[in-house]
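Numbered per this note's numbering, the sequence shown finishes at 156, counting up by one with no gaps.
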Amino acid sequence: MTIASHNSKNGIDATTAEGMIATFVNAVKCIPLMAGGKSAAEYKKALELIEYLIDRDDLSNPLFEPLAAKIAEYEQNAPEFESFNHRIAEIPDGIAALRTLMDQYGLKPADLADELGSKSNVSNILNGRRALTVQHIKALAARFNVPADLFI
């Protein structure tokens with residue numbers, strides 16, 4: 005499709021193109037965080053909108069991916085997330101994966117005693133005071149049916 009500055013049988017004339025652009029820009033201005041806003045209020049509205057899409061099981065909506073990216077960008081750069089982001093960055097990838105799996109499966113530290121030993125040992129591993137051993141990693145990979153390198 006070509007855009008011409010004059011009317012064309014096969015193209016879009018400049019007036020139509022400008023109208024399309026203006027419509028798009030106006031639509032973007034209505035969506036939180038999409039028009040460059042970076043306030044906590046815009047972030048909250050963006051979260052509410054994406055939760056609405058998730059609740060409707062509308063993840064293929066063309067708004068979902070760009071809005072999720074803007075939310076992630078806000079969370080990465082906003083001062084109120086700086087401390088949290090720093091703490092998260094310090095968590096070893098294997099422990100972060102384990103915590104995520106525990107959350108997804110609704111597990112408590114005591115539930116991993118068979119794989120990791122005593123409840124206190126599980127707590128020490130989750131809090132970074134003790135590292136996962138090869139035996140732990142193999143047991144966790146078997147329990148969750150995931151590759152062992154997820155915990156490395």
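Using N, Cα and C, we set each Cβ at its ideal position, and we do this for glycine too. No experiment lies behind these values; they were computed from the predicted model shown.
Are residue 36 and residue 53 closer than 9 Å when you measure CB to CB?
For the purposes of this step, residue 36 is identified with residue 32 of the sequence shown, where counting begins at 1. For the purposes of this step, residue 53 is identified with residue 49 of the sequence shown, where counting begins at 1. At a Cβ-Cβ threshold of 9 Å, residue 36 and residue 53 count as neighbours.
Report all residues from its chain with a CB closer than 6 Å to the CB of residue 1; omit the five preceding and five following residues, and keep chain order.
In this structure the chain extends from 5 to 156, so residue 1 is not present and cannot be described.
Same chain, Cβ closer than 7 Å to residue 46, five either side skipped, listed in chain order:
In the sequence shown, residue 46 corresponds to position 42, counting from 1. These residues qualify, in order along the chain: 36 and 37.
Under a Cβ-count criterion, where at least 16 other Cβ atoms within 10 Å of its own Cβ denotes burial, should residue 156 be classed as buried or exposed?
Walking along the sequence shown from the start, residue 156 turns up at place 152. Residue 156 is exposed by the Cβ-count criterion.
6 Å Cβ shell around residue 126 - same chain, five flanking residues per side excluded
Here residue 126 is taken as the residue at index 122 of the sequence shown, counted from 1. Contacts found: 113, 116 and 120.
Quick one: grab the DSSP three-state call for residue 149.
On the sequence shown, residue 149 is found 145 positions in, with the first residue counted as 1. Look at residue 149 here: in three-state DSSP terms it is coil, with no helix or strand label.
Quick check: what's the CA-CA separation for residue 86 versus residue 16?
Translated into positions along the sequence shown, residue 86 becomes position 82. Translated into positions along the sequence shown, residue 16 becomes position 12. About 47 Å.
Three-state secondary structure assigned by DSSP to residue 112:
Counted from its first residue, the sequence shown places residue 112 at position 108. Coil, per DSSP.
Report, in whole angstroms, the separation of the C-beta atoms of residue 51 and residue 75, which I expect to be a contact under 8 Å.
Position 47 of the sequence shown holds residue 51. Position 71 of the sequence shown holds residue 75. Residue 51 to residue 75, Cβ: 7 Å. Contact.
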